[in-house]
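Right, one structure below, let's go through it.
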Amino acid sequence: MSQQTDRAEQVKRLQRREGWRRRLPLVPALLFTIVVTQVPFILSLWYSLTEWKIVPPEPRNFIGFDNYVDLLDNRFFREAVWTSVWMTVSAVLLSLLLGTLLAILLDRKFFGQGFVRTLLITPFLIMPVVAGLVWKTQVFNSSFGVLNWLLDSLGFERIEFVTRWPLWSIVSVLVWQWTPFMMLIVLAGLQGQDQSVLEAARVDGASSRAMFFQITLPQLRPYLELGILLGSIYLIQVFDYVDVITGGGPDSTNVPYFVFQRSIGGGWQFGQASAYSIVVVIASIVIATFGLRVLSNLLEGEKP
Amino acid sequence: MEVGKKRAVSFLLGLLSWGVALVFFFPIFWMVLNGFKEEIDANTDPKLVFDPTFDRFDEVTSQTQGLLGFREAFMNSVWAVSISTILVLVLAVPAAYALAIRPVAKWRDVLFFFISTKFLPVVAAILPLWIIARELDLLNTRLVLIILYTAMNLPLAVWMLRSFFSEVPKELIEAAQIDGAKLRGQITSVILPIVAPGLAATALLCVIFAWNEFFLAVQLNPVDGSTIPIWVTSNVSTRGNFLAKLSAASTLATLPVVLAGWLAQKRMIRGLSMGAIK
Amino acid sequence: MTRTSRKGWSIRLLLLSLLAVFALVAAACGNDDDSDTSSDAPATAAATAAATAAATEQPAAPVESRSINVAIVGNPQMEDIASLTPSLFTAQTGIEVNYTFLEEQTLREIVTRDVGAGGEQFDVVMIGMFEAPQFGANGWLYDLNDFAADTPEWNVGDIIPAVRGGLSYEGGLYASPFYAESSFVMYRQDVIDAAGLTMPDAPTWDELADIARTIDSDEMAGICLRGKPGWGDLGAAFTTVLNTFGGTWWLANADGSIGAAQVDQPEFREALEFYVALINDAGQDDAANASFNECLSLYQNGQVAMWYDATVAAGILEADDSPVKGLNGFALAPTKVTDASGWLWAWALAIPQNSSDPDTAWEYVSWATSEEYINAAGESLAGGWAAVPPGTRESTYANPNYQAAAQAFAQKTLDAMLAAPIDNPGTTPRPGLPGVQYVGVPEFQDVGTRCTEQFSAAIAGSISVDSALSACQDIASAVSN
Chain V
254 MSQQTDRAEQ
264 VKRLQRREGW
274 RRRLPLVPAL
284 LFTIVVTQVP
294 FILSLWYSLT
304 EWKIVPPEPR
314 NFIGFDNYVD
324 LLDNRFFREA
334 VWTSVWMTVS
344 AVLLSLLLGT
354 LLAILLDRKF
364 FGQGFVRTLL
374 ITPFLIMPVV
384 AGLVWKTQVF
394 NSSFGVLNWL
404 LDSLGFERIE
414 FVTRWPLWSI
424 VSVLVWQWTP
434 FMMLIVLAGL
444 QGQDQSVLEA
454 ARVDGASSRA
464 MFFQITLPQL
474 RPYLELGILL
484 GSIYLIQVFD
494 YVDVITGGGP
504 DSTNVPYFVF
514 QRSIGGGWQF
524 GQASAYSIVV
534 VIASIVIATF
544 GLRVLSNLLE
554 GEKP
Chain S
465 MEVGKKRAVS
475 FLLGLLSWGV
485 ALVFFFPIFW
495 MVLNGFKEEI
505 DANTDPKLVF
515 DPTFDRFDEV
525 TSQTQGLLGF
535 REAFMNSVWA
545 VSISTILVLV
555 LAVPAAYALA
565 IRPVAKWRDV
575 LFFFISTKFL
585 PVVAAILPLW
595 IIARELDLLN
605 TRLVLIILYT
615 AMNLPLAVWM
625 LRSFFSEVPK
635 ELIEAAQIDG
645 AKLRGQITSV
655 ILPIVAPGLA
665 ATALLCVIFA
675 WNEFFLAVQL
685 NPVDGSTIPI
695 WVTSNVSTRG
705 NFLAKLSAAS
715 TLATLPVVLA
725 GWLAQKRMIR
735 GLSMGAIK
Chain Y
-14 MTRTSRKGWS
-4 IRLLLLSLLA
6 VFALVAAACG
16 NDDDSDTSSD
26 APATAAATAA
36 ATAAATEQPA
46 APVESRSINV
56 AIVGNPQMED
66 IASLTPSLFT
76 AQTGIEVNYT
86 FLEEQTLREI
96 VTRDVGAGGE
106 QFDVVMIGMF
116 EAPQFGANGW
126 LYDLNDFAAD
136 TPEWNVGDII
146 PAVRGGLSYE
156 GGLYASPFYA
166 ESSFVMYRQD
176 VIDAAGLTMP
186 DAPTWDELAD
196 IARTIDSDEM
206 AGICLRGKPG
216 WGDLGAAFTT
226 VLNTFGGTWW
236 LANADGSIGA
246 AQVDQPEFRE
256 ALEFYVALIN
266 DAGQDDAANA
276 SFNECLSLYQ
286 NGQVAMWYDA
296 TVAAGILEAD
306 DSPVKGLNGF
316 ALAPTKVTDA
326 SGWLWAWALA
336 IPQNSSDPDT
346 AWEYVSWATS
356 EEYINAAGES
366 LAGGWAAVPP
376 GTRESTYANP
386 NYQAAAQAFA
396 QKTLDAMLAA
406 PIDNPGTTPR
416 PGLPGVQYVG
426 VPEFQDVGTR
436 CTEQFSAAIA
446 GSISVDSALS
456 ACQDIASAVS
466 N
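Protein chains in written order, with our numbering: chain V, 254 to 557; chain S, 465 to 742; chain Y, -14 to 466.
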């Protein structure tokens, strides 16, 4: 009897030890991430319940959920949310589409293939601040910009891109930078696909269009999803571009820029700004969870 | 006939690729070109013909005592970027192992936690970060950037490496276990060689993101010991023309990462294709 | 087995090549400078110089190395002082100065947080006329009058009174001006003459608008006006117009706090409609994106005939390498119902209370903003006397060298500085501290920036003036008491 419980306990202890042996390699990374990211998060959570300005300096007051109530009827916050949604969705989808087309173009042999690929990936390597400045001052600029010079020499009216279409100006710079990244991912998908299936289909006399839609595209799906996920994570955070290209305004102030303006960008309302960011984090996580579970099998797909 | 048509289509597609690539590359070409101009030639209708000069490059790299110079910023960047990338790999490789090869119980939730930390807008976290850094006397140090760049890239690295690790065939590991290979032996002789291209791809992405990071650097480390992006923007002036100078500075600032990216592009594609999604 | 080791090799090769690339680039770029000096050379030279100076002139001078951190805005004048500091200041005093150059907006963020929330990153900060009295009132800065008694060569009486007033709060002077400006109209004399027009010395906005509309053509816009969002960009230019149109941002409560927002008042609407219409009829292309630099380029390229902006621009337009040198006339800022409307601005050096070494900081501040520095800069700068920081000291304008070099605009600049209505900019009392092109309350930064985003969109035509005004009224009302 007692021997049996002993054995059961031993098994349990062994299992526990095995569990810890499995967990151990995870601990440093997890601990590091928790300390560096969750401590600021918790501080933000606390600030969001206070009224706190530093200019003029006022003592920090605990005000409960007032900051959260405030943001519900702030039309400028709502506008920023919409701008963010538009900016992220259109930039991700457009760069994915373009990237896929380019990857298909590049996945064939032609003269200078490697060189063309090299040219194409370069925008992704450029510093965002530099990309924003270069596009604003040397491409979009209505007096000295290349685009308008082109329009002018073709006999068209000059267009004030940045002020007329602030959102689309930012989106086009984003697409310019992220298309190469999407292209790399899709290119990886194309090169990783199962050649024997394609060969078999070719032998069976399948048209290349049918092959693309029925074999290649389904195989690419996880890669496309990867592109969407990574693109969304990075593009929803876009700040440098807005700052450099438009400096905010209707149709270009996205949520990060809005939060920035409420806090160190001149508003100095740290309590309120923290409340905005908490809402943004929670909303992003909810959407991401939903998106990951519904859209994709990235996390569900295979058995470990 | 059929072959001729195919060849024509193929030729046209090749031409199209070239066209698109040149359009994509043009802004960069233009930036480099403007770096060789006088300010007066850069701030006017686009000019292709001009007297090229290295003066702007001399200007932006000239050292003034007490000012953040190019070499200093460059070395600071190299330090912050390389150490943070090494740290990322050191932390992420075991984590990925624990998530893929001998997965812990709730590995999906753990993975999701890592990714979810990327959703906290940096802009929103900057104040608490600044206060913590102030309390710990970390303002204006390279260390603060190293820590934050590590945290910034770690989720991506864990996530990518986990997919690469799950590419490693189970049979290989089991075989190694039967051979009596110890854990370290397993990792070095079986797993690492297989995930090497993935590691390289991951490291390269970390380098790119860290090298190009501006916001954290300017907020937490603007004084001395600052990095290349800060140096670039120090060439923007609100009183007077700066386009040519900025172009020269931008060219120098982007060069290292661009070269690295060019050299590593094939490996990057291979790394991604071998299992970024499994 | 062989496969494994080959892979291991290729990874090592990749790493090596990456390192090699870094090293190559670093070496290539480093070599440029190596021909001039090794990286330690300036420091050594400075130290030697300091030692010599100490040995010969000032036996009592401290030998231990002192250094201060200075945050300044990235302008040509600031670049000049940074390049002159080692030879003119460090060599004399042994104090090393570490500069941080920041773009205007970033400088504000970092400096405000640093001096306000105790970052202790800087010993000297460059702040504007907007911040100086506010920070002073908050108790964040040293009162420079306390140091001035021991430093007669700094000569506080020489500072232009309006500028000194703008940097003071209740008798305390909280920053020493490095460079100051007002606003006025710059115009192409040749274009005005060719059209058979004359420009009054002190035009009204209606006269100026008529001239602009008359001379506006496809090749050359009538006038360049700021349209870029930002309280210091469009906000500055527009608020001077608003003042002289009799409008205001807020009423003042009896205690000086912010009262009811006045954006919905007819004068405000009239001013904005006037500004937007003038830009649309006779303004530059892409106006909603233009501020000082954009207008400067357009004017130098002959794409605009007139330009209403900071007086400091005159020095650039009349510089030796300027394509429009000698073609320009200058007139006072245009008015409507008030007598004067030019703005007043200064970039000034201040010492935060949390500076680790205020005395050393003061040594630097009193040197950098002294007549002595202006004289030394005039002698040693490539741009010569015309490039010295203007607008701060009466002695600059009395200096024959400066008068000769800046003859085209020196008197006009001084007139504009003296005319700037710092104490009485509009028709109604305003909340907060004095200010012309801004309201001297901290909230103005945020309100001004977000409202000018709306106005800028109205200039671009993407929203109507009506909706810009109503959005701005909402923004401004949120901070009323």
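We treat Cβ as the ideally placed atom computed from N, Cα and C, and that holds for glycine.
Contacts around residue i, its chain only, beta-carbon distance under 7 Å, and the 5 residues preceding and following it disregarded
i, result
"Ala194(Y)", "Leu263"
"Val426(Y)", "Ile243, Pro416, Gly417"
"Ala261(V)", "none"
"Glu428(Y)", "Ile243, Val464"
"Ala5(Y)", "For Ala5(Y), the predicted model reports a pLDDT of 46, less than 50, meaning its position is unreliable; a value from the coordinates is still stated below. There are no such residues."
"Ser341(Y)", "Glu105, Asp108"
Straight-line Cα distance separating residue j from residue i
i, j, result
"Val382(V)", "Val426(V)", "11 Å"
"Leu668(S)", "Glu81(Y)", "39 Å"
"Leu257(Y)", "Leu227(Y)", "8 Å"
"Gln527(S)", "Glu536(S)", "9 Å"
"Ala28(Y)", "Gln529(S)", "Low local confidence applies: a pLDDT of 38 at Ala28(Y) is under 50, so the model's placement there is unreliable, with the coordinate-based value given in what follows. If you take the alpha carbons of Ala28(Y) and Gln529(S), they lie about 7 Å apart."
"Ala290(Y)", "Ile535(V)", "53 Å"
"Ile336(Y)", "Tyr154(Y)", "15 Å"
"Gln269(Y)", "Cys209(Y)", "5 Å"
"Gln392(Y)", "Leu325(V)", "58 Å"
"Pro312(V)", "Gly524(V)", "12 Å"
"Glu478(V)", "Leu553(S)", "25 Å"
"Thr434(Y)", "Arg515(V)", "11 Å"
"Asp519(S)", "Leu512(S)", "18 Å"
"Asp324(Y)", "Met380(V)", "49 Å"
"Ile112(Y)", "Asp266(Y)", "36 Å"
Same chain only: Cβ atoms within 6 Å of residue i, ignoring 5 sequence neighbours per side
i, result
"Gln338(Y)", "Trp125"
"Pro376(V)", "Trp429, Gln430, Pro433"
"Thr381(Y)", "Ile359, Tyr387"
"Trp388(V)", "Val426"
"Trp330(Y)", "Met114, Glu166"
Beta bridge counterpart(s) of residue i as assigned by DSSP
i, result
"Glu81(Y)", "Ser52(Y)"
"Met171(Y)", "Trp292(Y), Phe315(Y)"
"Glu523(S)", "DSSP, once it has assigned bridges, lists no residue as partnering Glu523(S)."
"Leu607(S)", "Leu607(S) pairs with nothing; no bridge assigned."
Contact set between residue i and chain Y, taken where Cβ atoms lie within less than 9 Å
i, result
"Arg411(V)", "Asp270, Asp271"
"Ser698(S)", "Gly59, Thr85, Phe86, Leu87, Glu88"
Where residue i meets chain S, residues with beta-carbon distance less than 9 Å
i, result
"Gln391(V)", "Pro491, Trp494, Met495, Asn498, Ala506, Pro510, Leu707, Ser711"
Partner residues on chain V for residue i, Cβ-Cβ distance less than 8 Å
i, result
"Ser470(Y)", "Since the displayed chain Y opens at -14 and closes at 466, residue 470(Y) lies outside it and no answer follows."
Where residue i meets chain Y, residues with beta-carbon distance less than 8 Å
i, result
"Val387(V)", "Result: empty, since nearest Cβ-Cβ is about 15 Å, beyond 8 Å."
Expected contact under 8 Å - CB spacing of residue i and residue j to nearest Å
i, j, result
"Asn540(S)", "Ala708(S)", "Rounded, the Cβ-Cβ distance is 25 Å, inconsistent with contact."
"Met171(Y)", "Asn313(Y)", "6 Å"
"Ser548(S)", "Thr614(S)", "5 Å"
"Ser701(S)", "Pro375(Y)", "Between Pro375(Y) and Ser701(S) the Cβ distance is about 16 Å, and since that is not below 8 Å, they are no contact."
"Thr437(Y)", "Gly220(Y)", "5 Å"
Own chain residues within Cβ distance below 8 Å of residue i, not counting five before or after
i, result
"Trp521(V)", "Lys306, Ile307, Val308"
"Val309(Y)", "Arg173, Tyr284, Gln285, Gly287, Leu302"
Amino acids of chain Y, ordered along the chain, whose beta-carbon sits closer than 7 Å to that of residue i
i, result
"Ile517(V)", "Glu94, Arg98"
"Val289(V)", "The contacting residues do not exist; Val289(V) stays about 20 Å from chain Y at best."
"Pro309(V)", "Asn123, Pro427"
Under 7 Å from the C-beta of residue i: neighbouring residues of chain V
i, result
"Pro633(S)", "Near Pro633(S) there are no residues of chain V at all, since even the closest Cβ is about 13 Å away, more than 7 Å."
"Ala562(S)", "Arg275, Arg276, Pro278, Leu279"
Neighbouring residues, chain S, relative to residue i (Cβ below 7 Å)
i, result
"Ala463(V)", "Under the 7 Å cutoff, chain S gives no residues; its nearest Cβ is about 17 Å from Ala463(V)."
"Phe330(V)", "What Phe330(V) touches in chain S: nothing, since even the nearest Cβ is about 13 Å away."
"Gln106(Y)", "Leu603, Asn604, Val687"
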